[in-house]
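Using our numbering, read the sequence shown as starting at 18 and increasing by one per residue. Each residue gets a CB set at the ideal place from its N, CA and C atoms; glycine is no exception.
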Amino acid sequence: MISARFSRLSAFVAVAFLGLAVGAPASAQEPAKPRLEVIGTFDKESYTIGDSYDFTVKIRNLGDTPAENIVGLVRGQLMNRTFPGDLSSEGPGATLAPGETRELKFEEGWILNPSTDTLVVNVIVGAKPVTLADGHQFSVPVKVVTHPLDGLVYADRNGNKKPDAGEGLPGLPVEVFTIYNYKVIQRAVTDDTGRFHLKALPSMRHQVMVAAQTPGVVFGSDYVAVDQTTVEVLGAVTPSRVSATVGFSERHYEVGDSAKVSIQIANLGDATVHGLKPKCESSAGHLTISDEAWGEWDPKGGGVSLDQGITKSFSVTGTVPAGAADLGNVSFTCYLNSAQGAVTTLSAVAEVKADSVVVPTTTTTVATTPTTTTPTTTTPVPQAAKGPADDLPDTGANVIGLAVGAVAALLAGVGAILFARRRRSA
């Protein structure tokens, strides 16, 4: 009799256990990552500092199902761009059919970092929103070639725009800036004849400026391409007594911010200066300013007249460009010209927060010829599909495990009770 009662109770518990197991909700299945082949190629097998470069990306769907919401972007030296068209990271993304290939070409990035020996381009592509795991890295060697540069600082006192005897200016500091981030990379001082010598400059364009004021002479700056030849640079402009004070309103910006530059221009000479107007740089990190933002100082206008002893203050507002994030700063460099010629340089720099997207270096693929890097795809083990009765909240607990434990405890308790009754009846 005991055996029969125990068997019936065990069967009841087993049925209860099965009910718990069937009623346990299955965990939601994570969507599988798309299986994408990403190939990046450069237009050359190697470069030299100062070169421009083109980069081509090919994307292919290796999966058996459509890859949906695919977006991407590239990040390299002066090549921070989203994919075009429906693959843009600013849109919902594209759908790639099984086996479908897209080819994208990005032109005119520039290798301007003088300490670069390897050009690296990061490609981030995947289902939106893309993550660090969707990054692919492609690289190519860069040759660093250096050459000396000789120059002359002079005051063009007779206005013939060439150096004459006695016009050289001694003892003036000369600074060379890299146009990559506008940091000084070399300095020199002019000798008794106004000449200076710079050694081992990377063979690319640099900005050369006189870093001191000389009464009666205002210097501009020259952009010099350093190559196998040595050239004379820095002819001082026609003597003028116009001075300028320039500064950003903030020390730090982010890409897309509006940035205000305050400018003060003073005529310290003894005659009116006519036709004053700026001509600004157009480099990747330069503040983007419309002509209309200048007001009466419009670069396309007739210019402003400034009487002797008069100071004018004004401000101009522009937008921090995307290229500034790659450089780490936003620059403002404008040459102030007059009807008689250049008079001074308006220049200021502010820091820009680096872009927050960083591609991991663990997905490195070097490709001077087509090379494939395929992201690892993790497919979760399929779980039981949810039925109409699965309306219990998912608490994260292992319901089946808890049920097994409860059944084991219940069976043990039943066995102990029955064993005790048998002993009493004996």
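How would you call residue i, buried or exposed, if buried means at least 16 neighbouring beta carbons within 10 angstroms?
i    : result
Q325 : exposed
G152 : buried
P115 : exposed
G93  : buried
V243 : buried
I280 : buried
S63  : exposed
T350 : buried
L12  : For residue 12 there is no data in the structure shown, the boundaries of the chain being 18 and 443.
P131 : buried
E124 : exposed
A172 : buried
S355 : buried
R204 : exposed
A228 : exposed
L149 : exposed
N177 : exposed
A288 : exposed
T163 : exposed
P158 : exposed
T361 : buried
F265 : buried
T386 : Bear in mind that the predicted position of T386 carries a pLDDT of just 34, short of 50, making it too unreliable to give a figure here.
V161 : exposed
P338 : buried
G211 : buried
G89  : buried
W311 : buried
G185 : buried
G273 : exposed
Using DSSP bridges, identify the partner residues of residue i.
i    : result
N346 : E368
D167 : H214
Q203 : V193
K329 : I282
F265 : V278
P295 : L353
S156 : V137
K122 : T73
S260 : A283
V321 : L293
S105 : G89
G335 : A276
G143 : V88
T362 : Y352
P219 : T163
G185 : Y171
A111 : I87
W127 : S69
T305 : T336
Tell me which same chain residues have a C-beta within less than 8 Å of the C-beta of residue i, skipping the five on either side of it?
i    : result
G102 : A111
R269 : According to the sequence as given, residue 269 is His; it is not Arg. Answer for H269: A367, E368, V369, K370, listed in chain order.
G188 : V206, T207
For residue i, which residues from the same chain have a beta carbon less than 6 Å from its beta carbon, with the 5 sequence-adjacent residues on both sides left out?
i    : result
A429 : Any answer about A429 is weak, because its pLDDT of 48 lies below 50 and its placement is not dependable; what the coordinates show is given next. Excluding residues within five positions, none has a Cβ falling inside 6 Å.
S332 : K277, S279
V74  : G57, L121, V140
M221 : I66, G67
L79  : R52, E54
G183 : none
L320 : Before going further, note that residue 320 is Gly rather than Leu in the sequence given. Same-chain partners within the cutoff: G292, L293, K294.
R77  : E54, T118
K329 : I282
Note down, in chain order, each residue of its chain lying with its Cβ closer than 7 Å to the Cβ of residue i, except the 5 sequence neighbours on either side.
i    : result
I327 : N284
L95  : G126, W127, L129, A301, G340, D343
G318 : K294
D209 : P187
E107 : T99
S364 : V263, F349, T350
Hey, would you say the C-beta of residue i is under 6 Å away from at least one heavy atom of the ligand MG?
i    : result
V337 : Here there are no bound small molecules, and the ligand MG is not part of this structure.
Counting Cβ pairs, one atom from each stretch, are 3 or more of them under 8 Å apart for the stretch 194-202 and the stretch 336-353? yes
Just to confirm the assignment: which complete beta strand (DSSP E) runs, minimum length 3, are found wholly within the stretch 47-102? 53-59, 69-78, 84-93, 96-99
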